[in-house]
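Q: Sharing a structure with you now.
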Amino acid sequence: MQDEFDFISIIVAVWVAGYVAMMLDYLAQAELGWSLAQLRGWACLTAVLIALVTLAGTLGRKRGELGKRR
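Plus 209 on top of the position in the sequence shown (first one is 1) and you've got this note's numbering.
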């Protein structure tokens, strides 16, 4: 089994992520009363955490593949 994404999966993932972001924005502003500055701060922190987790997963997978080849 190959570990590849097809084009439709990428489009659906991006669409779902955008929809969830819009819903969370509405929830934070309308229901919780957060300001735009608070939202910006949490969004930046979340983006950095997602990037670090993705990078760690990618590097861990590559390190595991290198170990198998030896």
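Don't be surprised by glycine CBs; every beta carbon is placed ideally from N, CA and C. Note that the structure is predicted; figures quoted are calculated from it, not measured.
The alpha helix (DSSP H) spanning Leu-283 covers which residue range?
A: Any question about residue 283 goes unanswered here, given that the chain covers just 210 to 279.
Q: Determine, using beta carbons only, whether Gly-243 and Ala-252 come nearer to each other than 7 Å.
A: A small correction: the amino acid at residue 243 is Trp; Gly does not occupy that position in the sequence shown. No, they are not a contact pair.
Q: In angstroms with no decimal places, state the Cα-to-Cα distance between Glu-240 and Val-225.
A: Using only the alpha carbons, I get a separation of about 22 Å.
Q: Taking only the alpha-carbon atoms, compute the straight-line gap between Val-223 and Ala-260 and give it to the nearest angstrom.
A: So the alpha carbons of these two residues sit roughly 15 Å apart.
Q: Roughly how many whole angstroms lie between the Cα atoms of Thr-267 and Ala-246?
A: Roughly 32 Å between the two C-alpha positions.
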